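Going by the working numbering, the letters in the sequence shown line up with residues 549 to 683, in that order.
Remarks on the structure that follows.
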Amino acid sequence: MQRICAYLAEQLHRVSLNTTDLTMQCKVMIIVYDYRKQREPKFMPYCHTAFQNVPPDQVEEILSTLTKEQFIGGRAAYILDDGSYSIDAGQNDIRAIYYAEESTIKFFCRYEREIAFYDKKLKFFAENHSIHTTL
549 MQRICAYLAE
559 QLHRVSLNTT
569 DLTMQCKVMI
579 IVYDYRKQRE
589 PKFMPYCHTA
599 FQNVPPDQVE
609 EILSTLTKEQ
619 FIGGRAAYIL
629 DDGSYSIDAG
639 QNDIRAIYYA
649 EESTIKFFCR
659 YEREIAFYDK
669 KLKFFAENHS
679 IHTTL
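Dropping the structure here:
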C-alpha cells in the first residue's frame with residue numbers, strides 16, 4: 549500500500565511539472581482508477597448477506613471467529629493488500645470487505661453459483677453471534 553502511494557505521488561509530481569505530457573497523465577489516471585477499483589471487487593459477485601452495525605475495532609475478531617467456526621483449517625482472518633479479508637482458510641472462494649462509512653462487512657464469492665451456500669453459513673454464524681444482517 550505504501551509503495552502504491554509513493555509511486556502515485558511520484559507520478560503526480562511528474563505530471564504537475566510537465567502538464568503537456570498526456571501519456572504520463574493517462575498512466576496516472578489509470579493507476580488511480582485501478583487503485584480505487586480495488587476497494588470494490590466487481591469481478592466477484594457479492595453475497596446477499598452482510599453484517600451490519602459492526603464497529604471497526606471488532607471487524608478482525610468477528611471475521612477470525614467466523615473463519616475458525618465455519619471453515620475447516622481456519623485459524624484467523626487476515627487482511628490482504630487490496631483491503632479485503634481472507635476468511636476461508638486460504639481457499640480464496642469467499643472474501644470479506646469492511647465498509648467503515650456504513651459499519652458493514654460485505655462478502656463476495658469467487659463463483660456466483662456458491663452464493664447460496666455461503667449465505668447459509670453467514671446467516672447461521674450471524675444468528676449464533678447476534679450479529680445484525682441485511683437478510
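Virtual Cβ for every residue (Gly too), placed ideally from N, Cα, C.
Note that the coordinates shown come from a computational prediction; the quantities given were computed from them, not determined experimentally.
Relative to residue 664, the option among 676, 646 and 641 whose CA is nearest is 641. Residue 655 carries a strand assignment under DSSP once its states are collapsed to helix, strand and coil. DSSP places residue 599 inside the beta strand (DSSP E), whose first and last residues are 594-599. Residue 612 sits in a helix when the DSSP states are folded into three classes. The three-state reading of DSSP puts residue 663 in helix, counting H, G and I together. In the structure shown, the three-state DSSP call for residue 637 is coil. When Cβ pairs closer than 8 Å are counted between the two stretches, the region 674-681 is seen not to touch the region 620-632, the count staying below three.
Per the coordinates, the alpha-carbon of residue 670 lies some 22 Å from the alpha-carbon of residue 630. Annotation for residue 653: 599, 602, 644 and 646 place their beta carbon closer than 6 Å to its own, counting only its chain and skipping 5 residues before and after.
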